[in-house]
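J.: One structure, as structure tokens, below. Some questions next.
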Amino acid sequence: MSAKQPMLNRRLFCGAGALVLIAAHPVFAQAQAIVRVPTQYKTLAEAFAALPDAGGVVEIAPGTYREKLSLSKPGVHLVGTGKKPEDVVIVWGDSAKMAGGTGKSASFTVSGDGFRASNLTIQNDYHLTQPDNPSQAVALSISADRAVLRNVRLLGAQDTLYAASKKPTLPSRQYYKDCYIEGHVDFIFGNALAFFDRCHLHIIERNGAFITAHSRTAETETTAYVFDHCRITTAGEGSYYFGRAWRPYAQVIFLDTRIDGRIHPEGWREWTPGKTETYATAHFAEYNSSGPGADVSQRVFWAKRLSADQAAKWRLESVFPDRSWMN
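As structure tokens, this is what we get:
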């Protein structure tokens, strides 16, 4: 679109809860319905229900939205309209103990493909309200394929982000750009094919913590967690690791990581030392780490140190050759 060409918008108003249909817009390739919270709908659940089956855009004004949400519609884009992601907070406080399972504890569950979120926060605050009764407590559980999260904050403690696939043989592709993710035990876990691009990973204080717990169950599965140019920070003096294998063929790669916090010199740990042997089949790798925690001389023998050529196989263009769904 040239600088002189006018933007063409077509708006369709339907009663008091107006749906706005954008015919041409630099962000949206196709016409999409737009609903606004809280000016048109007081809750996000009401806004989701108002969208057509093909999805649309939900513009969310600054505020705290205490709701437990589930979204199965495809093509939904959540946009926080504040100046920063802290301005829009979606939060709930269930735990696995309260809800009857880890997956059921999620503040926000997303299965609709083509999901997008930008400039907002998704939180599970169970650990803040029940600090003496620890439990898994998911902030975002997402199995959507072609999911894109940009400038999103994901806050929790144990099991903050459940980045999963609907089927192990059909990986859900997920792209996280400029996100902030915090937690302690296994706080990014599941079996998605997820790429984290320049994200900030923060370990909150605990005696021991693991950033990842990937769950690839077979060597033939093409799932992995890839972290490219991410930053790691930590709080406290605990033993903190890149991750451990939730399932035997877990696959996690850290590329060009800035480690400004405390990572255990071994880097990685067995799922249950002395009881499991996932290290024999898991693929844990690191390339060109920097910062105070980047000394690789004491890494576990079964972790890989990649060459530049090997690392190139895990860059964005190799992991997702077709990136049209990210636009």
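All the letters of the sequence shown, read from the start, carry residue numbers -29 to -1, 1 to 298 under mature numbering (1 follows the signal peptide of the UniProt record, and there is no 0).
Glycine included, every Cβ here is placed at the ideal spot set by N, Cα and C.
Suppose you measure from the CA of residue -4 to the CA of residue 219; what does that come to, to the nearest Å?
T.: Its pLDDT being 42, under 50, residue -4 is placed unreliably in this model, and the coordinates cannot settle the point.
J.: How many angstroms separate the CA atom of residue 118 from the CA atom of residue 160?
T.: For residue 118 and residue 160, the distance between alpha carbons rounds to 16 Å.
J.: Could you tell me the alpha carbon to alpha carbon distance between residue 298 and residue 87, rounded to whole angstroms?
T.: The alpha-carbon atoms of residue 298 and residue 87 are separated by roughly 11 Å.
J.: Suppose the cutoff is 7 Å on Cβ atoms and the five residues either side in sequence are ignored; what does the same chain contact list for residue 91 look like?
T.: The residues are 31, 49, 51, 56, 59, 61 and 123.
J.: Cβ of residue 264 within 9 Å of Cβ of residue 231?
T.: Yes, these two residues count as a Cβ contact at 9 Å.
J.: What's the C-alpha gap between residue 18 and residue 64?
T.: Going from the Cα of residue 18 to the Cα of residue 64 covers about 21 Å.
J.: Based on Cα-Cα distance, which residue from 170, 108, 165 and 136 lies nearest to residue 151?
T.: Here the closest residue by C-alpha is 170.
J.: So, residue 254 versus residue 222, is the Cβ gap smaller than 9 Å?
T.: Cβ distance < 9 Å, so residue 254 and residue 222 count as in contact.
J.: Which residues in the same chain as residue 42 place their Cβ atom closer than 6 Å to its Cβ, once the five residues preceding and following it in sequence are excluded?
T.: Result list for residue 42: 19, 81 and 83, in chain order.
J.: Of all the options 216, 211 and 172, which has the alpha carbon lying nearest to the alpha carbon of residue 188?
T.: Of the listed residues, the one whose Cα sits closest to residue 188 is 216.
J.: So, for residue 252: in the same chain, excluding its five sequence neighbours on each side, which residues have a beta-carbon less than 6 Å away from its beta-carbon?
T.: Excluding residues within five positions, the ones whose Cβ falls inside 6 Å are 219 and 220.
J.: Between the stretch 173 to 180 and the stretch 142 to 150, do three or more beta carbon pairs fall short of 8 Å?
T.: They do not touch, by the three-pair rule.
J.: Please state if the CB of residue 195 and the CB of residue 299 are separated by a distance shorter than 9 Å.
T.: Since the first residue of the chain shown is -29 and the last is 298, residue 299 is not available in this structure.
J.: When we look at the beta-carbon of residue 163 and count the other beta-carbons within 10 Å, is it buried (16 or more) or exposed?
T.: It counts as buried.
J.: Residue 166 and residue 145: beta carbons closer than 9 Å?
T.: Closer than 9 Å, so yes.
J.: Please report how far the alpha carbon of residue 286 lies from the alpha carbon of residue 197, in whole angstroms.
T.: Cα to Cα, residue 286 sits roughly 8 Å from residue 197.
J.: Beta-carbon separation of residue 111 and residue 79 under 9 Å?
T.: Their beta carbons are under 9 Å apart, which means residue 111 touches residue 79 by this criterion.
J.: Whole-angstrom Cβ separation of residue 267 and residue 276, contact assumed at under 8 Å?
T.: Yes, residue 267 and residue 276 are in contact; Cβ-Cβ is about 6 Å, under 8 Å.
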